[in-house]
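Chains as they are written, first to last, in my numbering: chain A, 5 to 172; chain B, 5 to 172. Cβ coordinates follow ideal geometry from the N, Cα and C atoms, glycine included.
Number of protein chains: 2
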Amino acid sequence: MDEAEPGLQVVHQLRAVTVELDLLGAEFAQRNGLHPTDLRALICLLDAARSNTPATPGRLGGQLGLNSAGTTALVDRLERLGHVRRVRDSRDRRRVLLEVDERAVALGWSFFGPLITEMVAELRTFSDTELATVQRFLLTVQQILAAQRDSSKATASSPPPQKERGPR
Amino acid sequence: MDEAEPGLQVVHQLRAVTVELDLLGAEFAQRNGLHPTDLRALICLLDAARSNTPATPGRLGGQLGLNSAGTTALVDRLERLGHVRRVRDSRDRRRVLLEVDERAVALGWSFFGPLITEMVAELRTFSDTELATVQRFLLTVQQILAAQRDSSKATASSPPPQKERGPR
DNA sequence: ACATAGTATCTCGCTCAGCGAGATACTCGC
DNA sequence: GCGAGTATCTCGCTGAGCGAGATACTATGT
Chain A
5 MDEAEPGLQV
15 VHQLRAVTVE
25 LDLLGAEFAQ
35 RNGLHPTDLR
45 ALICLLDAAR
55 SNTPATPGRL
65 GGQLGLNSAG
75 TTALVDRLER
85 LGHVRRVRDS
95 RDRRRVLLEV
105 DERAVALGWS
115 FFGPLITEMV
125 AELRTFSDTE
135 LATVQRFLLT
145 VQQILAAQRD
155 SSKATASSPP
165 PQKERGPR
Chain B
5 MDEAEPGLQV
15 VHQLRAVTVE
25 LDLLGAEFAQ
35 RNGLHPTDLR
45 ALICLLDAAR
55 SNTPATPGRL
65 GGQLGLNSAG
75 TTALVDRLER
85 LGHVRRVRDS
95 RDRRRVLLEV
105 DERAVALGWS
115 FFGPLITEMV
125 AELRTFSDTE
135 LATVQRFLLT
145 VQQILAAQRD
155 SSKATASSPP
165 PQKERGPR
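Here it is in structure tokens:
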């Protein structure tokens with residue numbers, strides 16, 4: 005358990021954190037009558053709203069790795085629960101814009117709120133320098149993961165131009 | 005958009021990291037003909053093997069939040085792919101021990117290997133003090149998440165004594 | 001204008017992961 | 001041994017997500 009390499013410990017810890025957060029999310033989702041995917045969708049939608057990016061089914065499905073049928077079903081679910089509304093884009097009338105409802109925001113907050121409160125409290129024990137270090141670390145990880153994802157995606161579609169999505 | 009509170013940024017970054025890692029995992033899983041759950045199960049099994057904890061279907065299902073039927077199906081899948089073997093425990097013959105195959109170890113490594121390599125390389129640019137900070141941060145997060153999970157579990161079963169969810 | 005290609009979304013039918021309920025096989029205290 | 005408790009498996013079902021294709025609109029060439 006005590007590795008010589010410092011990076012290993014960090015990777016394992018990071019993995020443990022993500023597993024924990026994943027489970028917390030799943031539990032929260034279940035309690036609120038939605039699926040892990042739905043929660044992730046809400047997070048994406050809230051992010052989009054926050055950065056003024058127009059949210060559409062297509063974009064959402066792409067981010068979550070769903071195909072169009074699954075995306076439609078997902079949006080149906082969210083709409084039925086009143087978290088989003090479908091509104092035809094008046095400029096490009098093929099598109100549907102997803103408007104996030106107040107209750108979705110509230111739900112997101114009820115999930116992240118307590119987490120943030122706790123984290124903020126604990127992070128007060130970190131100096132500015134330490135905080136900067138943590139942020140640098142997280143940014144680094146994020147970039148590595150993004151790169152990894154791109155490269156593996158490239159490997160998958162490079163050799164043969166076959167679709168190869170679900171090797172059941 | 006730009007929060008005054010430092011904790012918020014960190015939480016958002018952390019969330020972004022977990023989403024990214026999640027997607028990477030899902031993609032990797034799919035490419036290897038298994039489901040996200042299967043990959044998580046493999047991780048749990050490797051962790052168990054690593055810490056000399058006997059792995060059984062019951063334990064595994066508990067960790068992943070599956071009920072017994074789902075767990076059986078999961079183990080069936082893993083066994084069919086040759087990642088684990090079912091072996092009756094000779095001491096308590098109700099139990100089944102899950103032996104992890106080499107190929108599962110190799111598979112786990114092919115997922116985490118590149119990630120670890122990259123991380124270790126990047127983490128070399130961190131001083132010992134900074135590494136310690138990062139580790140303290142991760143540990144803190146882990147504890148907060150665990151606490152959050154416990155408390156929400158308590159809240160769920162407190163008001164009405166209904167079953168609602170698989171008790172451990 | 002008008003066909004044609006391209007794009008965004010939805011519909012239909014299907015597969016299979018995971019659930020609840022219950023069966024089965026074993027251990028252990030009395 | 002007998003009954004209570006525990007670990008795993010079986011059965012039938014629900015529903016998330018897939019592939020294929022329909023639909024509705026935009027953009028482009030002629």
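Task: Where A:R89 sits in the DSSP three-state scheme - done: strand
- [ ] Please check the pair A:V100 and A:R92, which I expect to be a contact at CB under 8 angstroms, by giving their CB distance rounded to whole angstroms.
- [x] 6 angstroms
Open item on the list: Are the CB atoms of A:L25 and B:L142 within a distance shorter than 7 angstroms?
Closed with: no
TODO: Please confirm if A:T144 has its CB atom under 7 angstroms from at least one CB of chain B.
DONE: yes
Task: Cβ-Cβ separation, B:V88 to B:V104 (assumed contact under 8 angstroms), whole Å - done: 6 angstroms
Open item on the list: Under 7 angstroms, Cβ to Cβ, is there at least one residue of chain B near A:A73?
Closed with: no
- [ ] Within the same chain, show all residues whose beta-carbon is closer than 6 angstroms to that of A:P171, passing over the 5 residues directly before and after it, in chain order.
- [x] The predicted model places A:P171 with a pLDDT of 37, which falls under 50 and marks its position as unreliable; any figure quoted below should be read in that light. Cβ within range, chain order: n/a, list empty.
Task: Chain-ordered chain A contacts of B:E122 [CB-CB under 8 angstroms] - done: I148, A151, Q152
- [ ] Starting from A:L101, follow the beta strand (DSSP E) in both directions and report where the run begins and ends.
- [x] 100-104
- [ ] Verify whether the separation of the beta carbon atoms of A:G112 and A:L64 is less than 7 angstroms.
- [x] no
Task: Boundaries of the alpha helix (DSSP H) in which B:T41 is found, first to last residue - done: 40-54
Task: With 16 other Cβ atoms within 10 Å as the buried cut-off, status of A:R44 - done: buried
TODO: List the residues of chain B whose Cβ lies closer than 7 angstroms to the Cβ of A:D42, in chain order.
DONE: Per Cβ cutoff of 7 angstroms: no residues; A:D42 is ~14 angstroms from chain B at best.
- [ ] Grab the span of the alpha helix (DSSP H) containing A:T75 for me, first residue to last.
- [x] 72-84
Open item on the list: At the 7 angstroms Cβ level, is B:P10 part of the contact set with chain A, yes or no?
Closed with: yes
- [ ] Flag B:L28 as yes if its beta-carbon sits less than 7 angstroms from any beta-carbon of chain A, otherwise no.
- [x] yes
Task: Helix, strand or coil at B:E126 [DSSP, three-state] - done: helix
TODO: Look up A:R95 in the DSSP assignment and say whether it is helix, strand or coil.
DONE: coil
- [ ] Compare the beta carbon distance of B:V21 and A:Q146 with 7 angstroms and say whether it is the shorter of the two.
- [x] yes
- [ ] Check A:A59 in the structure and name its three-state DSSP category.
- [x] coil
Task: chain B residues whose Cβ lies nearer than 8 angstroms to that of A:V21 - done: L18, T22, L142, V145, Q146, L149
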